[in-house]
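Quick notes on the structure that follows.
2 protein chains.
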Amino acid sequence: MTTTTAVAPAEQLDALSRRCLAEAHGFVTARAKEHFSGRSEGALAETAVPEFVAGGKCLRPLFAYVGWRCGQPDSGAAIRAAAALELLHCFAMAQDDVMDGSELRRGRTALHLRFARWHEEQGWAGSARRFGESAAILFGDLFLVWSEQLLRESGLTAEQLARGWPHYDAMRAELAVGQLGDLVNDARALPSWDTLLDVLRRKSGNYTVRRPLEFGAALAGCGPELLAGLGEFGGLVGEAFQLRDDLLGVFGDPAVTGKPAGQDLRDRKASSVVVLAAAMADRRRQTEFAELVELETVDDEAVARWRELIVATGARDRLGELIRERADKALAAIDPAVVPRHAADLLTALAARCTERDR
Amino acid sequence: MTTTTAVAPAEQLDALSRRCLAEAHGFVTARAKEHFSGRSEGALAETAVPEFVAGGKCLRPLFAYVGWRCGQPDSGAAIRAAAALELLHCFAMAQDDVMDGSELRRGRTALHLRFARWHEEQGWAGSARRFGESAAILFGDLFLVWSEQLLRESGLTAEQLARGWPHYDAMRAELAVGQLGDLVNDARALPSWDTLLDVLRRKSGNYTVRRPLEFGAALAGCGPELLAGLGEFGGLVGEAFQLRDDLLGVFGDPAVTGKPAGQDLRDRKASSVVVLAAAMADRRRQTEFAELVELETVDDEAVARWRELIVATGARDRLGELIRERADKALAAIDPAVVPRHAADLLTALAARCTERDR
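Read top to bottom, the protein sequences are chains W and Z.
Okay, so the first sequence: first residue is 1 according to this note's numbering, each after it adds one.
Okay, so the second sequence: first residue is 1 according to this note's numbering, each after it adds one.
Below, the structure written as structure tokens:
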């Protein structure tokens, strides 16, 4: 667990990620045991809940921890506070999968389907699907509660926590408000590219990168100049992260992403890929676009047609450029005069992990 | 807002309830404005969210506040901390209504149906029902977040809050765990009377009365002897409250309860009324019982048959006795040597409000 400069930043991130995940995993394992031991649904809950936490990439904890390192030395309390953001993410994933009807999460059966299958196995009355969805919502609620509890009990001082709460509260609220905005956008006719960029900035830009970074730096007591620089960096990397996520949602390899090929197309998500392709399509391609939008179900063949069309409009390449532009601008926002060297190295490695990833 | 002994306890409770509700309502109105102004779903969110809070009975805040008054004088900070429990209850109601498919809440259209109708009015693509359910889940999440935020920002000292968190955390977790337990019980064959009493004690007994009371008393720094007495009182009143709730779910007047007649029968809830009637039924009535359980849909006629059967088994009268027994035992648990007189008067009035109510 060394953090000396002899260890490459990417390896340091891996070690930090393992420490955060161990804290999050240990906390929910203890809570699941406390609340579910001896209950009929207990055996599944005690297995499924910790498994759901395991295998996370811990991106948000990493940004929070690196934010912390901009002002303070390594600390187990800061690791636990950062890990609280992984549980917040578990809350979002468990509930989003119900709302989006997703079947897979990280290559495993989604939580709501695991509980639906268990219901079927018991041979009980009522809808197994309904039961599974309700159970996943309730475990999402528990993750939301446990996140705040882990942060409050992290071992940080009351003064440090007081600086972090406004950022944490904003993040939690924006997460729910942003998910509602996504549902509105998906239900509505295709949004404009500008509207979409705005949602992207407010939701993912804030949630995944900027807020965690500012949260960690605030906990560490960093000053306004440093916070402003981290905010700019975070906003840009966050947007690039989401654009990459959208590309993976259309072009990602199922063996690597753990999700079906073209998942966002199957879900009819109004993602940046689709919206930009619509904006860049010439008249002939607009006609094909309209045809694809009208399809009753999006099967493998339709995914292939969608992908070809998107590539042909030039949207895929353009998104790659937009991601690189943002990543470059983000790195330029790190002022060596205010950001300590070791933190800057970790931020650079984290930006690469977010924007060049294939899962 | 006087609390001198000249004002009858029931009137004091009404005044306290209005103060708690004003704090809860003001807080969510400000949060809804902060997060939803200018959004397409904003107008509805800014109306529906505060409306959902208005009209609450504030039972849980009242127990918390009276717990506080067992050790401390009146305080605006304590009123705000107590009001946090009303927002916690809003979280539970918004999500339970989705899981139970309830159409009415306090005589109004349930939150998920309001958002579903709004979706229909927009003429958007996708399932309006699904959208409404997701929106209600997300507003439930926001209530859960806002509850904790209101408590943390109540103005109580860090030392006071530190004494309250364990009770608050237990309450939040038990709420989600208990709801899951309800779903399991409803899905399963009818539970035994003993199993049901255990669930009832752990879920409603704790959530509505005992935990709020202990939470308030802990915030006020009350000692172990006082807490133990309040715990005993709270457990008994909580059970009586739930038994009364179950009776209202079967026999309540829709004009007063704001719910359809026989709602619990229509929802096929394995409530104490049905379980006790099953246990008390003779052979002939067991046959009719089995017939009613097998019905595809529970219509007005079936509700009438169910009610007659339950009355005939003697279960309705027996539940009335069980409620009175618990209420009497609860009042005997208030030791005048440890509970201050004004708090004891309020507890007595609150117990009556919980166990003799018709809504």
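From the three backbone atoms N, C-alpha and C, an ideal C-beta is built for every residue, glycine too.
Bear in mind that the values here come from a model prediction, so they are computed numbers and not experimental data.
Integer-rounded CB distance, given that residue j should sit under 8 Å from residue i
i, j, result
"Z/Ser192", "Z/Phe241", "Not really, about 22 Å apart at Cβ, beyond 8 Å."
"W/Leu190", "W/Ala278", "6 Å"
"Z/Leu319", "Z/Leu292", "Between Z/Leu292 and Z/Leu319 the Cβ distance is about 18 Å, and since that is not below 8 Å, they are no contact."
"Z/Gly67", "Z/Leu230", "6 Å"
"Z/Arg117", "Z/Pro212", "Not a contact, Cβ separation roughly 34 Å."
"W/Thr195", "W/Gly238", "Their Cβ separation, rounded to whole angstroms, is 17 Å, which puts W/Thr195 and W/Gly238 out of contact at 8 Å."
"W/Ala81", "W/Leu156", "5 Å"
"Z/Pro9", "Z/Asp345", "5 Å"
"Z/Ala136", "Z/Val98", "5 Å"
"Z/Leu104", "Z/Pro260", "7 Å"
"Z/Val250", "Z/Arg307", "7 Å"
"Z/Phe52", "Z/Ala94", "7 Å"
"W/Arg285", "W/Ala312", "6 Å"
"Z/Arg244", "Z/Ile323", "6 Å"
"Z/Gly216", "Z/Ala64", "4 Å"
"W/Leu161", "W/Ala92", "About 22 Å; that fails the 8 Å criterion."
Residue i - partner residues in DSSP beta bridges
i, result
"W/Arg108", "W/Arg105"
CB contact check: residue i to chain W, cutoff 8 Å
i, result
"Z/Ala10", "no"
"Z/Asp141", "yes"
"Z/Ile137", "yes"
"Z/Gln179", "yes"
"Z/Asp169", "yes"
"Z/Phe131", "yes"
"Z/Ala261", "no"
"Z/Ala15", "no"
"Z/Val145", "yes"
"Z/Met1", "The predicted position of Z/Met1 is uncertain, since its pLDDT is 48 and thus under 50; a value taken from the coordinates is nonetheless stated next. It does not; no Cβ of chain W falls within 8 Å."
"Z/Ala290", "no"
"Z/His35", "yes"
"Z/Ala176", "yes"
Cutoff 8 Å: residue i Cβ touching any chain Z Cβ
i, result
"W/Arg201", "no"
"W/Arg172", "yes"
"W/Ser134", "yes"
"W/Ala48", "no"
Chain-ordered neighbours of residue i on chain Z, where CB pairs are closer than 9 Å
i, result
"W/Gly126", "Leu183, Asp186, Ala187, Arg268"
"W/Trp165", "Gln149, Arg152, Glu153"
"W/His89", "Within 9 Å Cβ-Cβ: nothing; W/His89 doesn't reach chain Z, min ~14 Å."
Partners in chain Z for residue i, counting only beta-carbon separations shorter than 7 Å
i, result
"W/Glu148", "Glu148"
"W/Met363", "Residue 363 of chain W lies beyond the residue range present for chain W, which begins at 1 and ends at 359; the question has no answer from this structure."
"W/Gln95", "Ile137"
Where residue i meets chain W, residues with beta-carbon distance less than 8 Å
i, result
"Z/Leu85", "Near Z/Leu85 there are no residues of chain W at all, since even the closest Cβ is about 14 Å away, more than 8 Å."
"Z/Gln286", "None at all; the shortest Cβ gap to chain W is about 19 Å."
Chain-ordered neighbours of residue i on chain W, where CB pairs are closer than 7 Å
i, result
"Z/Ala371", "Residue 371 of chain Z is absent from the structure shown; chain Z starts at 1 and stops at 359."
Quick check: the region 336-355 of chain Z against the region 216-234 of chain Z, are there 3 or more CB pairs under 8 Å? With the cut-off at 8 Å, the region 336-355 of chain Z and the region 216-234 of chain Z touch.
When the Cβ atoms of the region 176-187 of chain Z are set against those of the region 27-46 of chain Z, are three or more pairs found closer than 8 Å? Contact fails: fewer than three Cβ-Cβ distances are below 8 Å.
Taking 8 Å as the cut-off, does the region 79-98 of chain Z touch the region 47-62 of chain Z (at least 3 CB pairs, one atom from each stretch)? Yes, since at least three Cβ pairs between the region 47-62 of chain Z and the region 79-98 of chain Z fall closer than 8 Å, the two stretches touch.
At least 3 beta-carbon pairs within less than 8 Å: the region 222-229 of chain Z vs the region 330-343 of chain Z: With a cut-off of 8 Å, the region 330-343 of chain Z and the region 222-229 of chain Z count as touching, because enough Cβ pairs lie within range.
Would you check if the region 10-27 of chain W and the region 145-154 of chain Z touch, i.e. whether three or more CB-CB distances between them fall below 8 Å? The region 145-154 of chain Z is not in contact with the region 10-27 of chain W.
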